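This report concerns only the one structure given below.
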Amino acid sequence: MRQVTYLSFKGQPIYIGMDVHLQKWVLSIYTKEFEMETKSFPASVEIVSKYLHRMYPGADYYSAYEAGYCGYWVHEKLVSAGINNIIINPCDVPTTDKEKKRKRDPVDSRKLGRSLRNNELKGIYVPDKKQQEDRLLVRSRYDMVKKQTRCKNQIKSVLAFFGISITDEKVNNHWSKAYINWLCGYSQGTNGKAIRLKTLIEELEFVRNAISMYTKQIRSLSKEERYKRDAELLTKIPGISTLSAMIILTELGDIKIYNRLDKLCGYVGLIPDEHTTGDKEKKTKMTKRGNRRLRRILIESSWVAIRKEPALYLAYKKYSQRHGKAKAIIKIARKLLNRIRCVLVTGKEYEIIQPQIIKAGDEKDVA
1 MRQVTYLSFK GQPIYIGMDV HLQKWVLSIY TKEFEMETKS FPASVEIVSK
51 YLHRMYPGAD YYSAYEAGYC GYWVHEKLVS AGINNIIINP CDVPTTDKEK
101 KRKRDPVDSR KLGRSLRNNE LKGIYVPDKK QQEDRLLVRS RYDMVKKQTR
151 CKNQIKSVLA FFGISITDEK VNNHWSKAYI NWLCGYSQGT NGKAIRLKTL
201 IEELEFVRNA ISMYTKQIRS LSKEERYKRD AELLTKIPGI STLSAMIILT
251 ELGDIKIYNR LDKLCGYVGL IPDEHTTGDK EKKTKMTKRG NRRLRRILIE
301 SSWVAIRKEP ALYLAYKKYS QRHGKAKAII KIARKLLNRI RCVLVTGKEY
351 EIIQPQIIKA GDEKDVA
C-alpha cells in the first residue's frame, strides 16, 4: 500500500522575490533559513499561485517586485490570490557591486527575495483604480504638451535650415491662426521641404486638438465630488490653477500618508542630496529622485505665486540675494508645497497675508 505524506507550511512565512517581464517571470523562493529555489514561470498570477499552494501549502506568502512597465495590475491580482505583495522602487533595492556588473534575471529575483526576508524593503504607495485612471488622464495631457513643444521646435528648425523668416508685418511668431496659414504657404508642393512642413503642421493640429480635449476632460473631472472641494481649496492659493491643482491631487493621492513636510518634499524631489562622512557634512544639488511632474508644476507655479503674494515675493528677494535665483525659487516651491499640504490636511481656505501699512510717525511704536 502506497503511503502518502501531506506537507503543511501552516504559519510559516514564504518570501518570494519576483523579476517581472512581459512573457516570463523569475521567482526566487525563500524560507526564514534557506533559499528554496529559483524558477521561471509564464507571466501569469494564476500559475504562480497554484504552484505556491501546491508546493508550500498553508504558508503565509510575501512577495515583492520592482515598479516598472506593468503598473499595478500584477500587485492587485497577487493580493486577490492571498499573497501579501509590495511594489519596490528599483533604486531602493540593496545591491552589491558584483550584482550590478553581472545583472541577470535570477540575480534580480534573489536580491528581492533576500531583502524581503531580511525586512530591508519598503513598498511604494499603491493608488486605487480610480486614481490610476485619473492620473493617466492628467499625465496624457502633460505628455501632449511636451509633444506640442517638440513639434514647434521641429518646425522652427526646418524654417531656420532654409533661411525662411516672416516678412508679413501682420503675422507674428506666436502660433496664431495667421501664423499657421503663413506656414501652410510653404507646405505646398512635392519637394522635401514642403512635405516635411505639411507633416509637422498636421501633427501640430492633431496634438493641439488632443490637448483641448484633455483639458476639457480634466476640468470636468475637477468638478466631481472626489476632487471638487480639494481643487477649490488649492485654487485659492496664489499660483495654483485648476490644471495645476488636478496634477497635484492625482499625483499625491491621500495627503495623510505624508505625515511630515520633509516626507512630502522628499516624494516631490525638493530636497538636496547629502554626502556626510565623519565630521564632514556636504549637501549637494537638488536630488534627481522624486516625482518630476509635481516638481515641475510646483516650480512653475512658484514663479506665478511670487508675483501675486507679497510675502512670497519678499522671501524670494531675500533668498535670491543670498543663494541666487535658481535656489531661491526652490525654497519658494517648498513654501508653496507647505501651503498645499496645510489646506488639504485642515480643509481650510488659504488667506493671503496682507502687508501692514506703516503710517508716518508710527515707526517708533512699531519698533
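The sequence shown begins at 1 in our numbering and counts up by one. We put the beta carbon where it would ideally sit given N, CA and C, even for glycine. Just so we're clear, the structure is a prediction, and the values are computed from it rather than from any experiment.
Which residues DSSP lists as bridging residue i, in chain order
{"i": "Asn85", "result": "Ser63"}
{"i": "Ser28", "result": "Gly17 and Thr38"}
Residue burial classification, residue i (beta-carbon count within 10 angstroms, cutoff 16)
{"i": "Arg150", "result": "exposed"}
{"i": "Ile352", "result": "exposed"}
{"i": "Arg117", "result": "buried"}
{"i": "Asn172", "result": "exposed"}
{"i": "Leu314", "result": "exposed"}
{"i": "Asp97", "result": "exposed"}
{"i": "Lys111", "result": "buried"}
{"i": "Tyr30", "result": "buried"}
{"i": "Tyr69", "result": "exposed"}
{"i": "Ser220", "result": "exposed"}
{"i": "Ala231", "result": "buried"}
{"i": "Asp174", "result": "Note that residue 174 is His in the sequence shown here, rather than Asp. Flag for His174 reads exposed."}
{"i": "Val93", "result": "buried"}
{"i": "Arg395", "result": "The requested residue 395 is not part of the displayed model; the chain covers only 1 to 367."}
{"i": "Ser244", "result": "buried"}
{"i": "Gly347", "result": "exposed"}
{"i": "Met18", "result": "buried"}
{"i": "Gly393", "result": "Look at the range of the chain in this structure, 1 to 367, and you will see that residue 393 is not part of it."}
{"i": "Val345", "result": "exposed"}
{"i": "Gly71", "result": "exposed"}
{"i": "Met213", "result": "exposed"}
{"i": "Ser40", "result": "exposed"}
{"i": "Asn257", "result": "Correcting the residue identity first, residue 257 is Ile in this sequence and not Asn. Classification for Ile257: exposed."}
{"i": "Ile240", "result": "buried"}
{"i": "Ile47", "result": "exposed"}
Close Cβ partners of residue i (< 7 angstroms) along its chain, the five nearest in sequence each way excluded
{"i": "Ala81", "result": "Val45 and Ser49"}
{"i": "Glu309", "result": "Pro238 and Ile352"}
{"i": "Asn89", "result": "Ala67 and Ile124"}
{"i": "Leu78", "result": "Val45, Ser63 and Asn85"}
{"i": "Glu99", "result": "Val107 and Lys111"}
{"i": "Ser176", "result": "none"}
{"i": "Arg54", "result": "none"}
{"i": "Arg196", "result": "Val158"}
{"i": "Gln188", "result": "Ala194"}
Proximal residues to residue i (C-beta, below 6 angstroms), its chain only, five neighbours per side dropped
{"i": "Asp365", "result": "Bear in mind that a pLDDT of 44 at Asp365, under 50, signals an unreliable position, so the model cannot answer this."}
{"i": "Val268", "result": "Gly290, Asn291, Leu294 and Arg295"}
{"i": "Thr164", "result": "With the sequence shown as reference, residue 164 is identified as Ile, and Thr is not the correct amino acid for it. Result list for Ile164: empty, nothing under 6 angstroms."}
{"i": "Asn236", "result": "Checking the sequence, you will find Lys at residue 236 rather than Asn. Answer for Lys236: Glu349 and Tyr350, listed in chain order."}
{"i": "Tyr316", "result": "Ile306, Ala328 and Ile332"}
{"i": "Glu363", "result": "For Glu363, the predicted model reports a pLDDT of 49, less than 50, meaning its position is unreliable; a value from the coordinates is still stated below. Closer than 6 angstroms at Cβ, skipping near neighbours: no residue."}
{"i": "Thr199", "result": "none"}
{"i": "Lys10", "result": "Gly58"}
{"i": "Glu76", "result": "none"}
Sequence-distant residues of the same chain with beta carbon closer than 8 angstroms to residue i, five excluded per side
{"i": "Glu274", "result": "Glu281, Lys282, Lys283 and Thr284"}
{"i": "Val145", "result": "Ile211"}
{"i": "Ile299", "result": "Ile329, Ile330 and Ala333"}
{"i": "Thr95", "result": "Lys111"}
{"i": "Ala43", "result": "Val20, His21, Leu22, Gln23, Lys24 and Trp25"}
{"i": "Ser8", "result": "Pro57 and Gly58"}
{"i": "Val207", "result": "Met144, Lys147, Gln148 and Cys151"}
{"i": "Ala367", "result": "Low per-residue confidence applies at Ala367: pLDDT is 38, beneath 50, and the placement is therefore not dependable, though the value from the model is reported in the following sentence. Closer than 8 angstroms at the Cβ level, and outside the excluded window around Ala367, lies no residue."}
{"i": "Phe162", "result": "Lys193"}
{"i": "Leu371", "result": "Residue numbering for the chain in the displayed model covers 1 to 367; residue 371 lies beyond these limits and cannot be assessed."}
{"i": "Glu35", "result": "Ser28, Ile29, Arg110, Gly113 and Arg114"}
{"i": "Leu121", "result": "Ala64, Ile86, Ile88, Asp92, Val93, Leu112 and Ser115"}
Next item on the list: Ignoring anything shorter than 4 residues or poking outside the region 226–299, list the alpha helix (DSSP H) runs there in chain order.
Entry: 228–235, 242–252 and 261–268
Notebook entry, point to check: Counting pairs of beta carbons, one from the region 245–253 and one from the region 319–330, are three or more of them closer than 8 angstroms?
Noted result: no
Checklist line | Sufficient close CB pairs (3 or more, under 8 angstroms) joining the region 126–136 to the region 150–162 | finding: Touching, no.
Note to self: If we require 4 or more residues per run, which alpha helix (DSSP H) segments fall completely within the region 131–186?
What the structure shows: 177–184
Note to self: Would the region 335–345 count as touching the region 258–266 if we require 3 or more Cβ pairs under 8 angstroms?
What the structure shows: yes
Item checked: Entirely enclosed alpha helix (DSSP H) segments - the region 186–222, minimum 4 residues -> 192–221
Notebook entry, point to check: Between the region 50–65 and the region 12–19, do at least 3 Cβ pairs fall closer than 8 angstroms?
Noted result: yes
Next item on the list: Within the region 307–338, note down every full alpha helix (DSSP H) run reaching 4 residues or more, in order along the chain.
Entry: 310–323
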